[in-house]
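Read the structure below first, then the notes.
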Amino acid sequence: MAHDPRILISGASIAGPTLAYWLVRNGFRPTVVERSPALRPGGNGVDIRGSSVRIAERMGVLPALRERATDIRELTFVDAADRRVAGMSTRIFNADGDIEIMRGDLAQVLYEATADDVEFTFGDSIAAITQRPDAVEVTFDSGEQAEFDLVIGADGLHSRTRNLAVTPEADALHHLGVYFATARVDAGLGRPHAVTLYNTPGKVAGVYRSGAHDGATAFFAFREARVLDVDHRDENAQKALLSTYFDDRAWQVPALLEQATADDGFYFDAVSQVRLPAWSSGRVALVGDAGYCATLLSGAGAALAIEGAHLLATELAAAGGDHRIAFHRYEQALRPTVLRAQRSVRTSSSMLIPATGGHIWLRNQLTRLMVLQTLASRVYRPVAVRAA
Ligand SMILES: Cc1cc2nc3c(=O)[nH]c(=O)nc-3n(C[C@H](O)[C@H](O)[C@H](O)COP(=O)(O)OP(=O)(O)OC[C@H]3O[C@@H](n4cnc5c(N)ncnc54)[C@H](O)[C@@H]3O)c2cc1C
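Going by our numbering, the residue at position 60 of the sequence shown is 60; the numbering climbs one at a time, nothing skipped.
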């Protein structure tokens, strides 16, 4: 490989900026292209745990992350009259030193740690990739063309990089039978320091309200085994769909829906895992959700993105830029952790979105016993890769 390899990263959320940071630290020259016109806000709290805490520390961002950390103390299950019927302390999910932070805040902190050393282009996307033995030719939506030594897809669940160069989306995504939406709402709709959840069979609506933040986020999830015919970029169709699934007007669902569907940070998607036979093809590799999404039900997406990005940069440096060796070692080291996280989701979906009225009742009874709390703590324990 040429000296000072040129590396294109697609996607500027969690995996992209982290990878850019560590590539610069290891002497590479990355540039980042992000499809959105600016960093995308939105999302609920995500967890930094295990090795990702140590990686964040070495990036010097730990104080900023702690400053913006959320302050959630309980999962509170309520009935239609907003009475608390069960609850679980968040302490059982977290180890000392773990950080929960709003996804948008995490992306902002990681971007700020990287932006001085790396060129970011917003509002553009890879349109075509042609691999040659010695380089990758890339054409962008803007019409520009450029050549890189390597291209890394950090462009999330619907990664275009993956689709163009590694595996078609239809073969990559495995629908878990759940759809999820989230958006910002007034803090007054939630209980401070709590994630409030209202269940009906196969559905949950809720509010995530940190004590340390002004606003709150609403979230909705529903079980639907079919793959619905809704474009992941057609927000109006998604909002209409969500409203048809939550038309029962119980609890504060109408108010949450009204505010959520008016928010420009509205996010909706199928809960799908990315399972690939290989995370790279030639000079193109994938990191974060693009390569191995475990879904929000795993509680591990952000940590796996940070750990994977750090590992990929480290292996590229260790292999002297030889991508064949580096991509192989990166995948070998991370795959077992990803598989564990991907397997963990079944228990958490039964707990958060019980399928029947009987299951809701049972879940509420079990939360009063230590047994479910212990089970849940196992599911959500940190997925640590290896010492950073
Ligand atoms: C708006 C939003 C809200 C989310 N909310 C939650 C949540 O509430 N809970 C949770 O657990 N997880 C949530 N996630 C997912 C979570 O961020 C990831 O699971 C995890 O952090 C791994 O991050 P990632 O960087 O690999 O992927 P992502 O965070 O999905 O980021 C992918 C990035 O790539 C960009 N991108 C997409 N396509 C292209 C393209 N063609 N060209 C260039 N850039 C592209 C996207 O705009 C985005 O910035 C959310 C993601 C987003 C984008």
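Every residue, glycine too, gets a C-beta built ideally from N, C-alpha and C.
Given the structure is predicted, the values throughout are model-derived calculations rather than measurements.
Does the separation of the CB atoms of residue i and residue j fall below 8 Å?
i, j, result
"V178", "V109", "no"
"L197", "Q252", "no"
"Y330", "E307", "no"
"V136", "V118", "no"
"D248", "T200", "yes"
"S51", "F122", "no"
"I126", "R160", "yes"
"H174", "R275", "yes"
"V271", "L304", "no"
"A128", "L164", "yes"
"P390", "G215", "Residue numbering for the chain in the displayed model covers 1 to 388; residue 390 lies beyond these limits and cannot be assessed."
"F148", "I7", "yes"
"F266", "E235", "yes"
"T90", "Y21", "no"
"V230", "F120", "no"
"M88", "T347", "no"
"A290", "G156", "yes"
"N26", "A309", "no"
"A333", "L311", "yes"
"T398", "H232", "This structure cannot settle anything about residue 398, because the visible part of the chain is limited to 1 through 388."
"Y208", "G357", "no"
"F246", "L257", "yes"
For residue i, does the count of other Cβ atoms within 10 angstroms reach 16, so buried, or fall short, so exposed?
i, result
"Q273", "buried"
"W279", "buried"
"G206", "buried"
"P354", "buried"
"T18", "buried"
"I9", "buried"
"S298", "buried"
"S344", "buried"
"R288", "Per the sequence shown, the amino acid found at residue 288 is Gly instead of Arg. G288 is buried by the Cβ-count criterion."
"V227", "exposed"
"S391", "Residue 391 is absent from the model: the chain starts at 1 and stops at 388."
"S142", "exposed"
"D47", "buried"
"S349", "buried"
"L23", "buried"
"Q145", "exposed"
"A388", "In this prediction, A388 has a pLDDT of 42, which is less than 50 and means its spatial position is unreliable; nothing more can be read from the coordinates."
"R391", "Here the chain comprises residues numbered 1 to 388, so residue 391 is not present and cannot be evaluated."
"G202", "buried"
"A262", "exposed"
"A302", "buried"
"R324", "exposed"
"E67", "exposed"
"H3", "Unreliable placement is indicated for H3, whose pLDDT of 49 sits below 50; the coordinate value is still reported in the next sentence. Exposed, since its Cβ has fewer than 16 Cβ neighbours within 10 Å."
"L369", "exposed"
"P382", "Because P382 sits at a pLDDT of 43, beneath the cut-off of 50, its placement in the model cannot be relied upon, and the point is left open."
"P34", "One detail in the question is off: residue 34 reads as Glu in this sequence, not Pro. By the neighbour-count rule (16 or more Cβ atoms within 10 Å), E34 is buried."
"Q238", "buried"
"G16", "buried"
"R83", "exposed"
"A294", "buried"
"G11", "buried"
Report, in whole angstroms, the separation of the C-beta atoms of residue i and residue j, which I expect to be a contact under 8 Å.
i, j, result
"V414", "F77", "A question about residue 414 goes unanswered here, because the residues of the chain that appear run from 1 up to 388."
"R73", "A194", "7 Å"
"L352", "V204", "6 Å"
"V138", "L286", "About 15 Å separates the two Cβ atoms, so there is no contact after all."
"P5", "R29", "7 Å"
"Q259", "D186", "6 Å"
"A80", "A250", "5 Å"
Per DSSP, which residues does residue i bridge with? Please list them.
i, result
"M102", "G45"
"L150", "I7"
"M88", "L75"
"T130", "E137"
"E119", "T31"
"T244", "Bridge partners of T244: none, in fact."
"D269", "F180"
"L228", "The partner list for L228 (beta bridge, DSSP) is empty, contrary to what the question assumes."
"N199", "V204"
"T217", "R184 and Y208"
"F222", "Y179 and K203"
"Q145", "T139"
Taking 8 Å as the threshold (beta carbon to beta carbon), is residue i in contact with chain B?
i, result
"G104", "Here chain B cannot be found, since the structure has a single protein chain."
query: Can you find at least 3 beta carbon pairs, one from the region 96 to 109 and one from the region 34 to 42, that sit closer than 8 Å?
result: yes
field: Cβ contact (3+ pairs, closer than 8 Å) linking the region 127 to 139 and the region 94 to 101
entry: no
query: Hey, is the region 215 to 232 in contact with the region 179 to 186, meaning 3+ C-beta pairs nearer than 8 Å?
result: yes
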